[in-house]
Amino acid sequence: MSVKTYKQAINEALVQEMRRDPAVILMGEDVAGGTGSAGQDDAWGGPMGVTRGLVGEFGSDRVLDTPISEAAYIGAAIGAAASGMRPVADLMFIDFAGVCFDQIVNQAAKYRYMYGGQDKIPLTIRTMMGAGLGISSQHSQSFYPIFSYFAGLKVVIPSGPYDAKGLLIAAIRDDDPVIFCEHKMLYEMSEEVPDESYEIPLGEANFVRSGGDVTIVAFSRMVHIASEAADELSKQGIECDIIDPRTSSPLDTESILESVEETGRLVIVDESGPRFGMASEISSIVAEEAFASLKAPIGKVTPPFVPIPAAPNLESLYIPDSRQVIAAVNKVMQS
Amino acid sequence: MQSINELLAAYRSMRTMRDFEERMHVEFATGGVPGFVHLYAGQEASAAGICANLTDKDVLLNTHRAHGPAIARGADIFAVAKEIYLRKGGLCRGRGGSAHLHDPRSGLWGANSGVGSGVALGCGAALAARNQKTGGIAVALVGDGAINQGVVSEALNLASIWKLPLIIAIENNGYGEATTVEYASAGKDLYTRAAAFDIPGVQVDGHDFFAVSDAIEAAAARARCGDGPSLVEVKQLRYFGHFEGDAQTYRPQQEVETCRRETDCLQLFRDVVTAGEFIGETELDSIDSEVADLINRVYAEAQSAPYPADDELMQFIYASEYQV
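Going down the list, the protein sequences come from chains A and B.
The opening residue of the first sequence carries number 1 in this note's numbering; numbering runs sequentially from there.
The opening residue of the second sequence carries number 1001 in this note's numbering; numbering runs sequentially from there.
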């Protein structure tokens, strides 16, 4: 056990899985960096340095820099997975899913079902999401719920280093395509992380906090925003349950319903949009399954329905903050 | 150079594809065939010429015009027909249908409705073959229509820089759906696109089994010894529409008739092999009658097979545990 950043935890998961299983390969844009140049090899290790050091240990047969061709290399990763490899494809920003959406949703997601259950596609697509770096609407989105729409895919959104390591190991060992969404504002967050390898099962929520007055369901970075709000609310005498589902597909609805049935009040905090996102989805599930338990209308804290601006004042207005969470909790506590 | 047995096998393969499709055309017209079916008749020399050069370690990535290549690759023809009829016992349990014939045990991968994607998937199959040192190669079929998909250009580039053991076979039948290749594709010949990616490219007469087979043999040898991908443009015509039910009003009236009369791949093949002393017309005629009998049995069995069980709806979505 030692203190590791989110970035280090992800790197460690990759290293340990690549040592354990020669079928695990990594491919993506600049996952090494410097390929073909006279300068340094392993110059980048991805734009955030998450995969630094891997090409040195595992060689360029297993750590493959790709051209800027997401459709080609995500497709190739699917083909390699269907051939018995266990590829980890690095989709630098989730926003770029736009150019390889067909590969993800029509090829990877359909391969097993449409072809009659003959194949397994043990593919992990690591990708980076989230606003906060002032890099505007084509590098900051969090549209991971889109992938949760598709039967055949699994979607992971780790909120911290411990979860990131255990969930990534589980994703790599999983026999289905998994979209693993790292939040770019969490890379430097640190906490105690075991040195040895471990799996966190996909589909099991984490009870981050136990309170009993109100249930907050929060995802990825928003878990920390919700925790800040809960600390504040506790001073006012309101004690919150916080549930981090950790995966949006499968979604641990049982844990959410269990908490809501006890508290009767629900606030969902998410960085995906206000429409057709996780907040809408969970509201729908709770309305269907636990309507009788609800003592107040469900509260949703999400960004507004707008593309993401780059200017710091506008971007911080966009990202949900703890004040909004406190306001939403206070509102559901009033009924 | 093929042995007599190989020549007879190639003829049988092409005859089987042809009769299967001619019968499908008739069955469709009488209303018994579900969904969209895209027939391969006229193009048989391509699949037969390619498959004659593949081993059981190799992967052929099929297109939506899938029946012929599936048969040529050796998929169980009864299971092929049942899949097209969406029945129990079909290659994909009746979930895929005509355009998604898939039989990995025969080295036949996904006929694919995402046209062009097979080239990217084929890069992965080729990468895995090299990484796992199986000695296998991948052949990605792609139509002239799909060649203008971005993913095809991306995958050609990837295959080249990674020197993958991959062959890209463009089956250029003149039309992408109802639009001519001349209109839709810049540049006179599709094979010339290979040069932009530093890949050898050739064009062959797709009605000539021997021309296709020779080109694939050379490309496969190059792939197997680690020299990288090749592109082969197979020029041909299809005898039927884009899909069955297509009135083909966009085609010149005599086009198919002339092709059937003058450059039919089965007739050309017969002419070549019977010009020598080892194979006679009667031998080929007896293959014809065996195939005719087989096709009758295949259709009878497929048409009378039951649909998949209702409880299969939710099966095989995930390979691992998934709890909603």
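Ideal placement from N, C-alpha and C gives every residue a C-beta, glycine not left out.
*Which residue comes first and which comes last in the beta strand (DSSP E) that contains C181 (chain A)?*
Looking up residue 181 (chain A) in the first sequence gives position 181. If you look at C181 (chain A), you'll find it in the beta strand (DSSP E) that goes 178 to 183.
*asked:* If I measure Cβ to Cβ from I308 (chain A) and keep anything under 8 Å in the same chain, skipping five residues before and after, which residues do I get?
replied: For the purposes of this step, residue 308 (chain A) is taken as residue 308 along the first sequence, with counting starting at 1. Hits under 8 Å: A131, S136, S137, S140, Q141, E315, Y318.
*Return the residues of the stretch 1085 to 1096 of chain B that lie within a Cβ-Cβ distance of less than 9 Å from chain A, sorted by chain order.*
Here the close residues are G1090, L1091, C1092, R1093, G1094, R1095, G1096.
*asked:* Residues in the same chain with beta-carbon distance under 6 Å from D1076 (chain B), minus the five sequence neighbours each way, listed in chain order, please.
replied: Residue mapping note: residue 1076 (chain B) aligns to position 76 of the second sequence, counting from 1. Close CB contacts of D1076 (chain B) within its chain, under the 6 Å cut and outside five residues either way in sequence, are absent.
*asked:* Taking CB distances under 9 Å as the criterion, tell me whether H1102 (chain B) reaches chain A.
replied: Indexing the second sequence from 1 puts residue 1102 (chain B) at position 102. At least one chain A Cβ lies under 9 Å of H1102 (chain B).
*Measuring CA to CA, which of A:I243, A:V223, A:G211, A:L168 is closest to K235 (chain A)?*
Start at 1 with the first residue of the first sequence, and residue 235 (chain A) comes out as number 235. Comparing Cα positions, the closest option is A:G211.
*Going by beta carbon distance, what residues of the same chain come within less than 8 Å of A1146 (chain B), once the five residues before and after it are set aside?*
To locate residue 1146 (chain B), count along the second sequence from 1; it is residue 146. Only T1063, V1115, G1116, V1152, G1176 meet the Cβ criterion.
*asked:* So, with DSSP's three-state summary, where would you put E1290 (chain B)?
replied: Numbered from 1 along the second sequence, position 290 holds the residue referred to as residue 1290 (chain B). Residue state, collapsed to three classes: helix.
*Hey, is Y1307 (chain B)'s beta-carbon within less than 9 Å of any beta-carbon in chain A?*
Here residue 1307 (chain B) corresponds to residue number 307 of the second sequence, with the count starting at 1. Judged by the 9 Å Cβ criterion, Y1307 (chain B) is not in contact with chain A.
*Please list the residues of the stretch 1113 to 1126 of chain B that have a C-beta atom closer than 7 Å to any C-beta atom in chain A, keeping them in chain order.*
Cβ contacts with chain A: G1114, S1117, A1120, L1121, G1122, C1123, G1124, A1125.
_Cβ shell of G45 (chain A) (< 6 Å), same chain only, five flanking positions each side left out_ = Position 45 of the first sequence, counted from the first residue, corresponds to residue 45 (chain A). If we look at G45 (chain A) and ignore the five residues flanking it on each side, its Cβ neighbours are T51, R52.
_Option in A:M114, A:S83, A:Y73, A:K120 with minimal Cα separation from A97 (chain A)_ = On the first sequence, position 97 is the one that residue 97 (chain A) refers to. For A97 (chain A), the nearest C-alpha among the options comes from A:Y73.
*If we count Cβ pairs, one from each stretch, closer than 8 Å, do we get three or more for the stretch 1223 to 1243 of chain B versus the stretch 1041 to 1052 of chain B?*
Flag = yes, the stretch 1223 to 1243 of chain B and the stretch 1041 to 1052 of chain B touch.
_Start and end residues, alpha helix (DSSP H) containing D163 (chain A)_ = If you number the first sequence from 1, residue 163 (chain A) lands on position 163. According to the DSSP assignment, D163 (chain A) belongs to the alpha helix (DSSP H) that extends over 161 to 173.
_beta-carbon R1238 (chain B) near the ligand HEM non-hydrogen atom, thresh 8 Å_ = Only the bare structure without any ligand can be found here, which leaves the ligand HEM out of the picture.
_Under 8 Å, CB to CB, which of the residues in the stretch 1151 to 1172 of chain B have a partner in chain A?_
The residues in question are V1151, E1154, A1155, N1157, L1158, I1161, W1162.
_Top-ranked residue by Cα proximity to G299 (chain A), from A:P312, A:L266, A:G273, A:I68_ = Along the first sequence, one-based indexing puts residue 299 (chain A) at 299. Among A:P312, A:L266, A:G273, A:I68, the Cα nearest to that of G299 (chain A) is on A:L266.
*Are the C-beta atoms of Q324 (chain A) and some chain B residue less than 9 Å apart?*
Translated into the one-based positions of the first sequence, residue 324 (chain A) becomes position 324. For Q324 (chain A), no Cβ of chain B is located within less than 9 Å of the residue's own Cβ.
*State the Cα-Cα distance for the pair Y1191 (chain B) and G1110 (chain B), rounded to the nearest angstrom.*
Residue mapping note: residue 1191 (chain B) aligns to position 191 of the second sequence, counting from 1. Residue mapping note: residue 1110 (chain B) aligns to position 110 of the second sequence, counting from 1. Computed Cα separation, rounded: 24 Å.
*For S343 (chain A), which residues in chain B fall below 7 Å Cβ to Cβ?*
It is not possible to answer for residue 343 (chain A), since the shown part of chain A is limited to 1 through 335.
*Name the chain B residues that come within less than 7 Å of N106 (chain A), Cβ to Cβ?*
Translated into the one-based positions of the first sequence, residue 106 (chain A) becomes position 106. Residues of chain B with a Cβ closer than 7 Å to the Cβ of N106 (chain A) are, in chain order, G1114.
_Is it buried or exposed, G941 (chain B), if we count other Cβ atoms within 10 angstroms and call 16 or more buried?_
Summary: the structure shown does not reach residue 941 (chain B), with chain B confined to residues 1001 through 1324, and so no result is reported for it.
_For chain B, check one thing: does any of its Cβ atoms lie closer than 9 Å to the Cβ of M114 (chain A)?_
Mapped onto the first sequence, residue 114 (chain A) falls at position 114. With 9 Å as the cut-off, M114 (chain A) counts as an interface residue toward chain B.
*Proximity winner among A:H183, A:E262, A:R20, relative to V156 (chain A) (alpha-carbon distances)*: Translated into positions along the first sequence, residue 156 (chain A) becomes position 156. Per the Cα distances, A:H183.
*Within the same chain, show all residues whose beta-carbon is closer than 6 Å to that of A1052 (chain B), passing over the 5 residues directly before and after it, in chain order.*
One-based indexing of the second sequence puts residue 1052 (chain B) at position 52. Closer than 6 Å at the Cβ level, and outside the excluded window around A1052 (chain B), lie A1010, S1213.
*Going by DSSP, what residues sit across from C240 (chain A) in a beta bridge?*
Position 240 of the first sequence holds residue 240 (chain A). Answer by DSSP bridge pairing, in chain order: A:V214.
*What span of residues does the beta strand (DSSP E) with V306 (chain A) cover, start to end?*
Working through the first sequence from its first residue, we reach residue 306 (chain A) at position 306. Careful: V306 (chain A) lies outside any beta strand (DSSP E) and carries neither H nor E.
*Do three or more CB pairs link the stretch 320 to 334 of chain A to the stretch 287 to 303 of chain A at distances below 8 Å?*
Enough Cβ pairs lie closer than 8 Å, so yes.
*Status (buried if at least 16 other CB within 10 Å, exposed otherwise) for A9 (chain A)*: The sequence position of residue 9 (chain A) within the first sequence is 9, counting from 1. So A9 (chain A) counts as buried.
*Anything in chain A within Cβ reach of G1174 (chain B), meaning under 7 Å, just list it in chain order.*
In the second sequence, residue 1174 (chain B) corresponds to position 174, counting from 1. Within chain A, no C-beta atom comes less than 7 Å from the C-beta of G1174 (chain B); the nearest is roughly 26 Å away.
*Beta carbon proximity, D321 (chain A) to chain B, threshold 9 Å*: Residue mapping note: residue 321 (chain A) aligns to position 321 of the first sequence, counting from 1. False, the Cβ-Cβ gap to chain B never drops below 9 Å.
*Which residue comes first and which comes last in the beta strand (DSSP E) that contains S142 (chain A)?*
As a first step, residue 142 (chain A) is located in the first sequence; it is residue number 142 there, counting from the start. Unbroken run through S142 (chain A): none, as it is neither H nor E.
*Could you give the C-beta distance for R209 (chain A) and S159 (chain A), rounded to a whole number, given that I count them as a contact under 8 Å?*
The residue given as residue 209 (chain A) occupies position 209 in the first sequence. The residue given as residue 159 (chain A) occupies position 159 in the first sequence. Distance from R209 (chain A) to S159 (chain A) at the Cβ level is roughly 12 Å; contact not present, criterion being Cβ atoms closer than 8 Å.
*Closer than 7 Å, Cβ to any Cβ of chain C: which residues of the stretch 1285 to 1318 of chain B, in chain order?*
Looking at the structure shown, chain C is missing, and the protein chains on hand are A and B.
_Less than 9 Å between the C-beta atoms of A171 (chain A) and T124 (chain A), yes or no?_
Indexing the first sequence from 1 puts residue 171 (chain A) at position 171. Indexing the first sequence from 1 puts residue 124 (chain A) at position 124. For the pair A171 (chain A) and T124 (chain A), the CB atoms are nearer than the 9 Å cut-off.
*asked:* Under 8 Å: do the stretch 1190 to 1206 of chain B and the stretch 1156 to 1172 of chain B share three or more Cβ pairs, one atom per stretch?
replied: They touch, by the three-pair rule.
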